[in-house]
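Following: one structure in structure tokens, then a few remarks.
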Amino acid sequence: MPPFPGMNPYLESVELWHNLHHALITCIAGELNQTLPQGFAAEMEEQVYLLPPQDSLYPDVAIVRRPSSTPNFASAPNPTAGAVALAPSPSLEIRAEPQEIHTSRVRVVTTRGRREVVAFIEVLSPTNKEGEGREEYWAKQAELLDSDTHLLEIDFLRGGKHTIAAPASTLAEQTGFWDYVVCLHRAGSGPVYQCWPFTLRDPLPIVVVPLTQGHPDIALNLPAIFAQACTLGPFARVVDYSAPPRPRLSPNDAAWAEELLRR
Numbered sequence: 001m002p003p004f005p006g007m008n009p010y011l012e013s014v015e016l017w018h019n020l021h022h023a024l025i026t027c028i029a030g031e032l033n034q035t036l037p038q039g040f041a042a043e044m045e046e047q048v049y050l051l052p053p054q055d056s057l058y059p060d061v062a063i064v065r066r067p068s069s070t071p072n073f074a075s076a077p078n079p080t081a082g083a084v085a086l087a088p089s090p091s092l093e094i095r096a097e098p099q100e101i102h103t104s105r106v107r108v109v110t111t112r113g114r115r116e117v118v119a120f121i122e123v124l125s126p127t128n129k130e131g132e133g134r135e136e137y138w139a140k141q142a143e144l145l146d147s148d149t150h151l152l153e154i155d156f157l158r159g160g161k162h163t164i165a166a167p168a169s170t171l172a173e174q175t176g177f178w179d180y181v182v183c184l185h186r187a188g189s190g191p192v193y194q195c196w197p198f199t200l201r202d203p204l205p206i207v208v209v210p211l212t213q214g215h216p217d218i219a220l221n222l223p224a225i226f227a228q229a230c231t232l233g234p235f236a237r238v239v240d241y242s243a244p245p246r247p248r249l250s251p252n253d254a255a256w257a258e259e260l261l262r263r
């Protein structure tokens with residue numbers, strides 16, 4: 001893979017994100033199951049979002065369909081021609097089913113005695129950052145913030161709206177600018193968040209996953225997890241580095257990335 005120090009912006013594309021998300025979730029669960037103490041386990045949990053037909057899963061992509069020829073609609077009678085009864089204009093009948101979006105997250109559970117969910121780890125998808133998918137994610141987020149469960153949110157997407165629990169305005173006051181961010185809310189901590197903002201030019205952070213009282217936090221090595229996810233996916237075979245990434249980079253970052261790719 002190219003020598004980006006942290007996140008590879010080419011992997012944020014519509015065509016590749018589903019593969020990357022699945023690989024990241026798999027590798028996060030695998031990493032945790034190697035490091036969690038006895039009495040805890042990491043599991044993958046599937047989630048289903050139902051989005052209305054008009055909500056695009058990937059809002060940065062526009063699909064335009066142009067007919068190969070003029071549609072052969074039946075002509076409506078001319079309403080001014082004599083006493084001919086008015087007829088409705090030609091119409092199309094369209095069936096639009098809600099989109100069923102499947103995604104997954106990691107949950108850390110206790111395995112001794114009463115089985116409890118200790119923490120959820122979310123890797124945000126485009127679904128979570130736009131439209132009704134964002135509203136549905138926020139509803140689940142609010143429930144977790146008011147629960148006894150820790151929440152770790154990983155946002156590796158520059159596109160879409162700010163969605164993590166920590167307010168964008170407060171984060172901006174502390175760091176100024178970021179491309180990506182990881183946000184941890186510890187159960188019972190109220191409006192307090194632990195954040196790791198970083199830019200395209202920064203390495204991925206090593207973050208932590210809290211457990212139950214009396215157990216120390218577990219380190220989550222995002223650089224190693226990301227590297228492993230990249231080897232599991234098809235990215236080395238399918239990424240086109242001759243075209244700009246999507247979403248596009250700023251002019252300064254684009255020049256920096258171009259220089260990296262020339263090495």
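In terms of full-length UniProt numbering, the sequence shown opens at residue 1 and continues consecutively. Ideal Cβ positions, reconstructed from N, Cα and C, are used throughout, including at glycine.
Does DSSP put residue i in a helix, a strand or coil?
| i | result |
| --- | --- |
| T170 | helix |
| F120 | strand |
| L261 | helix |
| A165 | coil |
| E46 | strand |
| Q99 | strand |
| T110 | strand |
| F235 | helix |
| P247 | coil |
| D253 | helix |
| F226 | helix |
| A87 | coil |
| R65 | With a pLDDT of 35 at R65, under the threshold of 50, the modelled position of this residue cannot be trusted, and the question is left open. |
Find the nearest neighbour of residue i within the set the options, judged by alpha-carbon distance.
| i | options | result |
| --- | --- | --- |
| P223 | P203, H150, P197, P216 | P203 |
| C195 | I164, D217, Q213 | I164 |
| G189 | T149, Q174, F226, R158 | Correcting the residue type first, residue 189 is Ser in the shown sequence and not Gly. The option with the nearest alpha carbon to S189 is T149. |
| G176 | H162, A41, F198 | F198 |
| P234 | E15, M7, P5 | E15 |
| V207 | L200, Y193, G214 | Y193 |
| residue 279 | A219, L211, E259 | Since the first residue of the chain shown is 1 and the last is 263, residue 279 is not available in this structure. |
| Q141 | Q228, G113, E122, W17 | E122 |
| G159 | A166, L124, P167, E132 | L124 |
| G214 | G39, A172, C27 | G39 |
Please name the residue or residues paired with residue i in a DSSP beta bridge.
| i | result |
| --- | --- |
| H150 | A119 |
| P210 | Looking at the DSSP assignment, P210 forms no beta bridge with any residue, so it has no partner. |
| Q194 | L184 |
| S104 | E46 |
| A219 | V208 |
| A41 | V109 |
Inspect the CB distances between the stretch 29-38 and the stretch 246-253 and report whether three or more fall short of 8 Å. Between the stretch 29-38 and the stretch 246-253 there are fewer than three inter-stretch CB-CB distances shorter than 8 Å, so the stretches are not counted as touching.
Segment contact flag, the stretch 36-49 with the stretch 252-263, C-beta cutoff 8 Å, min 3 pairs: When C-beta atoms of the stretch 36-49 are compared with those of the stretch 252-263, fewer than three pairs fall below 8 Å, so the two segments do not count as touching.
Any contact of the stretch 142-154 with the stretch 182-199, i.e. 3+ C-beta pairs under 8 Å? Yes, the stretch 142-154 touches the stretch 182-199.
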